[in-house]
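Colleague: Let me begin by handing over the structure; questions about it come next.
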Amino acid sequence: MKTPRNLLTGVVSALRPRQWVKNGLVIIAPIAAGKIGSAATLRHTAEAFLVFTLAASGLYLINDIRDRTADRLHPTKKFRAIASGVVPLPFALVLAIALLVGAIAISWSAGTAGH
């Protein structure tokens with residue numbers, strides 16, 4: 069593991085996009101129910117994927133913020149974007165809050181659509 073080269077690569081790595089694949093599991097229920105062909109189901113599934121992705125990335129940032137001091141002492145975690153200082157703490161905190169608020173807003177909006 070290497071320290072990210074700049075703010076952009078640091079932010080991307082801190083959001084942990086490799087983990088987003090797991091959020092794709094939200095498609096299993098509609099497939100099992102035989103509803104995947106419905107436009108509404110596809111929209112709801114995409115919204116669920118987006119909400120899970122935003123929330124997970126926001127929580128990864130919060131975890132990295134909380135663990136930054138210990139991570140700096142760890143042989144591999146010291147290269148993480150926040151622990152290494154590539155992503156400044158205030159920026160990471162604002163981004164985490166924005167991602168979590170976005171996840172809540174989309175979830176709320178999707179839950180109230182058509183009611």
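With my numbering as the guide, the letters of the sequence shown map in order to residues 69 to 183. Each residue gets a CB set at the ideal place from its N, CA and C atoms; glycine is no exception. Remember, it's a predicted structure, so these values are computed and weren't measured experimentally.
#1: How many angstroms separate the CA atom of residue 183 from the CA atom of residue 111?
#2: Thinking residue 122 and residue 167 are a contact (beta carbons under 8 angstroms), I'd like their distance in whole angstroms, please.
#3: With 16 as the cutoff for other CB atoms within 10 Å, does residue 76 come out buried or exposed?
#4: Looking at residue 163 and residue 127, is the spacing between their C-beta atoms short of 8 angstroms?
#5: For residue 83, is the classification buried or exposed, using 16 other Cβ atoms within 10 angstroms of its Cβ as the cut-off for buried?
#6: My output table needs one value for residue 84: the three-state DSSP class, helix, strand or coil.
#7: What residue range is occupied by the uninterrupted alpha helix (DSSP H) comprising residue 98?
#8: Hey, is residue 89 close to the ligand PLP, as in C-beta under 7 angstroms from one of its heavy atoms?
#9: Can you say whether residue 113 is buried or exposed, counting buried as having 16 or more other CB atoms within 10 angstroms of its CB?
#10: Assign residue 72 to buried or exposed, taking buried as 16 or more other Cβ atoms, counted over all protein chains shown, within 10 Å of its Cβ.
Modeller: From the atom records:
#1: Indexing the sequence shown from 1 puts residue 183 at position 115. Indexing the sequence shown from 1 puts residue 111 at position 43. For residue 183, the pLDDT reaches just 46, beneath the cut-off of 50, and the residue's location in the model is therefore unreliable, leaving the point undetermined.
#2: In the sequence shown, residue 122 corresponds to position 54, counting from 1. In the sequence shown, residue 167 corresponds to position 99, counting from 1. Rounded, the Cβ-Cβ distance is 5 angstroms, consistent with contact.
#3: The count along the sequence shown starts at 1 and reaches residue 76 at position 8. It is exposed - the Cβ of residue 76 has fewer than 16 other Cβ atoms within 10 Å.
#4: For the purposes of this step, residue 127 is identified with residue 59 of the sequence shown, where counting begins at 1. For the purposes of this step, residue 163 is identified with residue 95 of the sequence shown, where counting begins at 1. No, Cβ-Cβ distance for residue 127 and residue 163 is not below 8 angstroms.
#5: Within the sequence shown, the letter at position 15 stands for residue 83. The residue is buried, with at least 16 neighbouring Cβ atoms inside 10 Å.
#6: Position 16 of the sequence shown holds residue 84. Three-state DSSP puts residue 84 in coil, outside helix and strand.
#7: Here residue 98 is taken as the residue at index 30 of the sequence shown, counted from 1. Element bounds for residue 98: 96-100.
#8: You won't find the ligand PLP in this model; it holds no ligand whatsoever.
#9: Here residue 113 is taken as the residue at index 45 of the sequence shown, counted from 1. That one is buried.
#10: Position 4 of the sequence shown, counted from the start, is the residue given in the question as residue 72. Residue environment for residue 72: buried (at least 16 other C-beta atoms within 10 angstroms of its C-beta).
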